[in-house]
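Peer 1: Sharing a structure here in structure tokens format.
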Amino acid sequence: MKIGIVGAPNDILLRILNEIIQYQKNNKSFKAADIQKNLKINKRKVRARLHLLVKKQILYS
């Protein structure tokens, strides 16, 4: 299955999704700040991407 969202740079998006999957595998909850720290990405970008994912109903928190 390919995951891509129009209007979002997919490399960042996929890295965020991979981080989320890792957190879920380890049964840990996560915050945007955790992902931002791990990926060294601008926190606002991460929040925006997560918001986009929730809006597109790919991710439920």
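Using the numbering used here, you'd call the opening residue of the sequence shown number 5 and step up by one each time.
All residues carry an ideal CB built from backbone N, CA and C; glycine is no exception.
All values reported here derive from a predicted model rather than from experimental measurement.
1) So for ASN22, helix, strand or coil by DSSP?
2) Drop a sphere of 10 angstroms on the beta-carbon of ILE39, count the other beta-carbons inside from all chains shown, and report buried for 16 or more, exposed for fewer.
3) What is the rounded straight-line gap between the Cα of LEU56 and the Cα of ASN31?
4) Which residues in the same chain as LYS29 place their Cβ atom closer than 8 angstroms to its Cβ, once the five residues preceding and following it in sequence are excluded?
5) Buried or exposed: which applies to ILE66, given that a residue is buried once 16 or more other Cβ atoms fall within 10 Å of its Cβ?
Peer 2: A quick look at the data gives this:
1) The answer is helix: DSSP assigns ASN22 an H, G or I state.
2) By the 16-neighbour rule on beta-carbons within 10 angstroms, ILE39 is buried.
3) Distance between the alpha carbons of LEU56 and ASN31 is about 23 angstroms.
4) Closer than 8 angstroms at Cβ, skipping near neighbours: no residue.
5) What the structure shows of the chain is the stretch from 5 to 65, and residue 66 is not part of that stretch, so it cannot be assessed.
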